[in-house]
Amino acid sequence: MSSLRVRVLALVGILCGGAPALAAQTAEPGALVGTVMDSVHHAGLVGARVSLTRRPTSIAANATAIVDLAIPSSATLRNMACPGVAFPARMGALVGVITDADSEQPIAGAEVVAAWSEHTADSSTSSLAPELRTARVTSDASGQYRMCGVTTGEWLLVQVQRFGRAGAAIRTTMTDAVGVAVLNLSFSGATSFMLASSAGDVNASPTPQLGGSAALTGIVRDGAGNGLQGVDVRVLSTATFARTNDRGEYVLTSLPAGTQELEVRQIGFAILRRSVELRSDRRMRHDVRLDRIVSLDSIRVNARRSSVYAEFETRRRESIDGKFLTETDIVRVQPKFTSDIVYLSPSFRVLGQGPDAKIISSRGGLQGNCETLIVIDDIEAATINEVSPPQIAAMELYPATAGAPFKHKSKYGCGTIMIWTKR
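Each residue of the sequence shown is one higher than the one before, counting from -17 in my numbering.
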C-alpha cells in the first residue's frame, strides 16, 4: 500500500480524550501536509482523520509546512493503555469513558463488565469447548476505565453497571495487531434495568425489555448508495421494531437512553450490529450501509413454506444420519448466536464467535479443518450467524454427506447444516 499524502486538519489521540482544538486561527492562511503511517503494518494509513491540536508547529503565512505522523506500534499502544502490564499472547486492553446519558457528565464509580468465550481443546472428544471469561473494572473520577487483559480477535460483550442497575450489553472487538480498543459508553439510570433481571451476566437478555422516550431514524443503503426497502431494523434489548420504506428510511421510537446496539438484517446482506447513542426526548439519526454477501439471479418461488416444513418432517422420519431440531429445541438451549446451537451435536466444532464463526465437521472426508456447508432457506450462506436464533423455525444437521438433500451435499464431505427461518 503506498503512503497517503494528506492535508493535516487534526492530530487525534489514539486513546481516550484529547487536547482541545485551538480557538484562534492565524490571520494569514497557511497549509499543513504530511504522510500518516501505520506503524503496525508498516504502510501508509488510508482514511485517517487528522485535526489540529496543541502540538507545536510553525506555519509561515501563505506557506506550506510538512509534518509526518504515525500511529504507534501495538506494543506501544498496549503500554500506553496499561503501563507496566505484561500482556499474555492474544490479549489486549479495552479503554474508554463512561458518561451520564442524561447530564452528559462523566460517571465516576461505574462498573464496566466484559465477557467473552475462550475455546479450549478437549482431548477426550477431540473438540473445542467454550469457556466463559469475564473481567470487571471501575471508572475513575473522570469517568475513564482501563481493562487490561481481555481477548483479541473474539467478540467482547461489554456492559455498564451502577447502583444495582445495568445498561445494554454492547459488542466490540479488537485485532491482535493493534491490541487496544476504545469503547466510550453512556448510561442512563432511568432507562436501565435491575441487575436481578440479568443476574449480573452480560450474556443474559434483560426482562422486561427496555423502553424510554428516545427515538432513532435513518436510511439503510446498499453498496451503491441506494435505499433498501423491507429491511428489518431494531434496537437489541427492546421490543421496538421497524421495516424500511421504499426509500430505505426507518423510524424507531420508545427507546431507552444511553449506548444501545442497533441490528439491521436483510436476506442476502451481512447482518450489521453497531452501537448507537440515544438520548431521552430526542430523535437521533444513524444511517447504515449493508454489504451484500450473496449474489443471486432472479428466483421464482414455486412452493409454500408449509411444503418446506413437510420436507423437514419427511427427512426427520426417514434420514439415516442427521439431527433435527425444532423451534422448541432451539428455545430450550437459549443461544446467543446460532452457532451456539451446534454444540448440541458432538459431530461439529465451532471456531470463533459472532459473525466470523465457522462450523467444522469432525466426521468430514478431509483431514484438518473441514468447513461445513451452511444453507439458509434453501440458499447457501457464508456463515451460520447470518440468521439469529429467534428467527429460526427448524434446523437439520448432517455431519457428513449421508442423509443430506442431494443438492446441498457438501462437496468435500464436510457436512451440511440447513436452517429454516420463520415466515
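Even for Gly, the Cβ is constructed at its ideal location relative to N, Cα and C.
Counting only residues of its own chain and dropping the five nearest sequence neighbours on each side, methionine 377 has a CB closer than 6 Å to the CB of Leu307, Ile401.
Annotation for leucine 59: no beta strand (DSSP E) segment contains it, though the alpha helix (DSSP H) segment containing it runs 56 to 63. Counted as a single uninterrupted DSSP element, the stretch harbouring valine 324 is not any alpha helix (DSSP H), since DSSP gives it neither H nor E. Put simply, of Leu244, Phe169, Val202 the residue whose alpha carbon is nearest the alpha carbon of valine 217 is Leu244. Relative to alanine 363, the option among Asp338, Gly212, Ala151, Gly385 whose CA is nearest is Asp338. Rounded to the nearest whole angstrom, the C-alpha separation of methionine 266 and glutamine 242 is 12 Å. For the 8 Å CB-CB criterion, serine 321 and cysteine 396 do not form a contact.
Check the Cα spacing between alanine 123 and each of Pro88, Pro328, Thr133, Pro11: the tightest is with Pro88. In this structure, the beta-carbon distance from leucine 138 to valine 132 falls below 8 Å. Per DSSP, the unbroken alpha helix (DSSP H) holding isoleucine 312 starts and ends at 309 to 315. Cβ-Cβ distances below 6 Å link threonine 398 to Leu355, Tyr380, Ala386, His390, Ser392 in the same chain, with the five nearest sequence neighbours on each side left out; the list follows chain order.
For phenylalanine 169, the secondary structure class from DSSP, reduced to helix, strand or coil, is strand. Between the stretch 63 to 83 and the stretch 43 to 55 there are fewer than three C-beta pairs closer than 8 Å, too few to call the two in contact. Looking only at Glu86, Phe251, Val315, the smallest Cα-Cα distance to isoleucine 361 is reached by Phe251. Beta-bridge pairing by DSSP links alanine 197 to Arg265. Contact holds between the stretch 74 to 85 and the stretch 151 to 170, because three or more Cβ pairs, one in each stretch, are under 8 Å apart.
Nearest C-alpha to threonine 383 among Asp303, Ala292, Val369, Gly334: Asp303. Distance from the CA of aspartate 204 to the CA of threonine 154, rounded to the nearest whole angstrom, comes to 23 Å. Per DSSP, reduced to three states, the secondary structure at aspartate 20 is strand.
Closest in C-alpha terms to valine 246, from the list Val258, Pro238, Ala239, Ser236, comes Val258. Straight-line spacing of the CA atoms in isoleucine 41 and valine 49 works out to 10 Å. Taken through DSSP and simplified to helix, strand or coil, alanine 68 comes out as coil. Secondary structure note for leucine 355: its beta strand (DSSP E) is the uninterrupted segment 355 to 358.
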